[in-house]
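Notes to accompany the following structure.
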Amino acid sequence: MNRRGRMILFLLSAAVFGGVYLWGLKGLPPVGHYRGPYGDVLNQVATYERHVTDIVTAVNFDYRGFDTLGEEFILFMSVVGGTVLLRRQREEEKSEHKDQALSDESPERQAPEPSDATRVLTLGLVGPLVVFGLYMVAHGQLTPGGGFQGGVILATAPLLVYLGGDLKKFKQITSHTLVEVAEAAGAGGYLAIGFAGLILGGAYLRNVAALGRTGMINSGGTIALINLATGLEVAAGFVLLLYAFLEQTLEIRLRGGK
Amino acid sequence: MSFFPYAVAAWLFIIGLYGIVTSRNFVHLVICLAVLQSSTYVLLLSIGYRVGGTAPVFAGVPVGTLAVDPVVQALMLTDIVVEATVVALLLALALQLHKHANTLDPDKLKALEG
């Protein structure tokens, strides 16, 4: 389709979208006048029922925990898909620069060295970020945050190492096998906690662990445990994706591309 | 003013779609898709918003304080995760495409080879 045809199609769809959207808005309350009962009910009861203070986390990992299990496996499958898409292709395998890749010294194939400023800033940030990520994962049931958010923050630590160093440093601090195991353990851990609820409580993902005291780090029962599993899965998943993408930058650089 | 966030959501959707339609680079296209999808965040959050409501986090404020809807916020988290996965997969596809076709311009692509 040429550009003009595409523009016409776009204008038509935008007009239809605008019409249907306005029609839909007629049924919505004005912003700020939320009417739904579910959120209000949860805001009232979740703290008493589950001993958590962050209701959003309680919804995600308890009341709506089964959906989040699906969500976690969307992420899992996307990591698998990304790794498969970015795998070493047959012709790349043949060229056999697998081993010499890291020791290739010809100047035009080298990435420029990161500046001292980059190196100091990125390496200085690694420690605080790891602590912050762990804090996010562990305090999901108390304050905003949780497994997904904390996991992503944790995964940025090896990326910063790559930015401040090179792929070799990135590989030194992340073992591919170990990250794969962590990814599987995180995803499987969520499933297993669900089965624990089935066996001990009669329903899948029922919150069967001790609820603890509201406001403490071990409160929330399975909510806290699932957050840990999710944090592990998300961090490992993102590191695996980074691994696949960064391998490709090397592949492309070796072919003389930009 | 009370419908303004809904208008922002519609604008993000339309401008993202416009970017996708007119894109000359697949990476740009993927980012436009991310912009388009962020319209759903604005829409979800504005549906759950309540004038004078606090965040649905009762650490420091007593239970019973007027708060916004936590359910749409939880849905939005799902939304963000889905966006991240879609963007990752599409960028991986764009990378492979560039290796095979040597271009990222959708208009310069020839018919698919088997």
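One line per chain: the protein sequences are E and V, in this order. Just add 15 to the spot in the first sequence (first one is 1) and you have the working numbering. FYI, the working numbering numbers position 113 of the second sequence as 112, with every residue one higher than the one before it. For glycine and all other residues, C-beta sits at the position ideal for the given N, C-alpha and C.
Own chain residues within Cβ distance below 6 Å of residue i, not counting five before or after
| i | result |
| --- | --- |
| Val7 (chain V) | Val41 |
| Gly18 (chain V) | Cys31 |
| Gln115 (chain E) | Its pLDDT being 48, under 50, Gln115 (chain E) is placed unreliably in this model, and the coordinates cannot settle the point. |
Nearest residue (CA-CA) to residue i, options the options
| i | options | result |
| --- | --- | --- |
| Pro45 (chain E) | V:Val85, V:Ile79, V:Phe3 and V:Val67 | V:Phe3 |
| Thr98 (chain E) | E:Leu144, E:Tyr258, E:Val167 and E:His154 | E:Tyr258 |
| Thr192 (chain E) | E:Leu144, E:Val254, E:Gly236 and E:Met231 | E:Val254 |
| Thr158 (chain E) | E:Gly47, E:Ile232 and E:Gln263 | E:Ile232 |
| Pro129 (chain E) | E:Leu100, E:Tyr177, E:Gly142 and E:Gly96 | E:Tyr177 |
| Leu220 (chain E) | E:Ser28, E:Ile241 and E:Pro52 | E:Ile241 |
| Lys14 (chain E) | E:Ser93, E:Leu169, E:Leu265 and E:Asp77 | The question about residue 14 (chain E) has no answer here: the residues shown for chain E are numbered 16 through 273. |
| Leu35 (chain V) | V:Ile14, V:Ala54, V:His97 and V:Pro55 | V:Ile14 |
| Ala137 (chain E) | E:Leu175, E:Val35 and E:Leu24 | The residue asked about is misnamed: residue 137 (chain E) is Thr in this sequence, not Ala. Comparing Cα positions, the closest option is E:Leu175. |
Through-space distance from residue j to residue i, alpha-carbon basis
| i | j | result |
| --- | --- | --- |
| Asp104 (chain V) | Ser22 (chain V) | 8 Å |
| Val60 (chain E) | Val74 (chain E) | 12 Å |
| Tyr205 (chain E) | Tyr63 (chain E) | 24 Å |
| Leu26 (chain E) | Gly165 (chain E) | 41 Å |
| Val20 (chain V) | Met22 (chain E) | 7 Å |
| Val31 (chain E) | Asp106 (chain V) | 26 Å |
| Lys113 (chain E) | Ala58 (chain V) | At Lys113 (chain E) the pLDDT is 49, less than 50, meaning the model places this residue with poor confidence; the figure from the coordinates comes in the next sentence. So the two alpha carbons sit approximately 52 Å from each other. |
| Ile79 (chain V) | Val71 (chain V) | 12 Å |
| Pro127 (chain E) | Asn101 (chain V) | 23 Å |
| Phe210 (chain E) | Gly201 (chain E) | 14 Å |
| Gly246 (chain E) | Ser234 (chain E) | 17 Å |
| Gly155 (chain E) | Gly162 (chain E) | 7 Å |
| Gly217 (chain E) | Ala87 (chain V) | 38 Å |
| Arg268 (chain E) | Gln187 (chain E) | 20 Å |
| Met92 (chain E) | Ala251 (chain E) | 13 Å |
| Leu140 (chain E) | Leu226 (chain E) | 35 Å |
| Val146 (chain E) | Leu169 (chain E) | 8 Å |
One or two residues paired with residue i in a DSSP bridge
| i | result |
| --- | --- |
| Gly47 (chain E) | V:Arg49 |
| Val135 (chain E) | The partner list for Val135 (chain E) (beta bridge, DSSP) is empty, contrary to what the question assumes. |
| Asp82 (chain E) | BP columns for Asp82 (chain E) are empty, so no partner. |
| Ala66 (chain V) | V:Thr53 |
| Asp69 (chain E) | V:Val56 |
Contact set for residue i: own chain, Cβ-Cβ below 7 Å, skip 5 residues either direction
| i | result |
| --- | --- |
| Val167 (chain E) | Val249 and Phe253 |
| Ile70 (chain E) | Leu57, Asn58 and Ala61 |
| Gly51 (chain V) | Leu65 |
Residues of the segment 3-17 of chain V with Cβ closer than 8 Å to any Cβ of chain E, in chain order
From the segment 3-17 of chain V, only Phe3, Pro4, Tyr5, Ala9, Phe12, Ile13, Leu16 and Tyr17 have a Cβ closer than 8 Å to chain E.
Which residues, in chain order, does the segment 36-58 of chain V contribute to contact with chain E at a C-beta distance below 9 Å?
Taking 9 Å as the Cβ-Cβ cut-off against chain E, the residues of the segment 36-58 of chain V that qualify are Ser45, Ile46, Gly47, Tyr48, Arg49, Val50, Gly51, Gly52, Ala54, Pro55, Val56, Phe57 and Ala58.
Residues from the segment 71-90 of chain V in contact with chain E, defined by Cβ distance under 7 Å
Cβ contacts with chain E come from Gln72, Ala73, Leu76, Thr77, Val80, Val81, Thr84, Ala87 and Leu88.
Listed in chain order, which residues of the segment 63-81 of chain E have Cβ atoms closer than 7 Å to some Cβ of chain V?
Residues passing the 7 Å Cβ filter: Thr68, Asp69, Ile70, Val71, Val74, Asn75 and Arg79.
To be precise: take each residue of the segment 28-50 of chain E, compare its Cβ to all Cβ atoms of chain V, and keep it if any distance is under 9 Å. Which residues remain?
Hits within the stretch, in order: Ser28, Ala29, Phe32, Gly33, Tyr36, Leu37, Leu40, Leu43, Pro44, Pro45, Val46, Gly47, His48 and Tyr49.
Residues in the segment 148-178 of chain E with C-beta within 7 Å of chain V's C-beta atoms, listed in sequence order?
Here the close residues are Leu157, Thr158, Pro159 and Phe163.
What are the residues in the segment 225-259 of chain E lying within 8 Å of chain V by C-beta distance?
Of all residues in the segment 225-259 of chain E, Gly230, Leu256 and Ala259 have a Cβ within less than 8 Å of some Cβ in chain V.
Could you name the residues of the segment 86-100 of chain E whose beta carbon sits closer than 7 Å to any beta carbon of chain V, in the order they occur along the chain?
Within the segment 86-100 of chain E, the qualifying residues are Glu86, Ile89, Leu90, Ser93, Gly96, Gly97 and Leu100.
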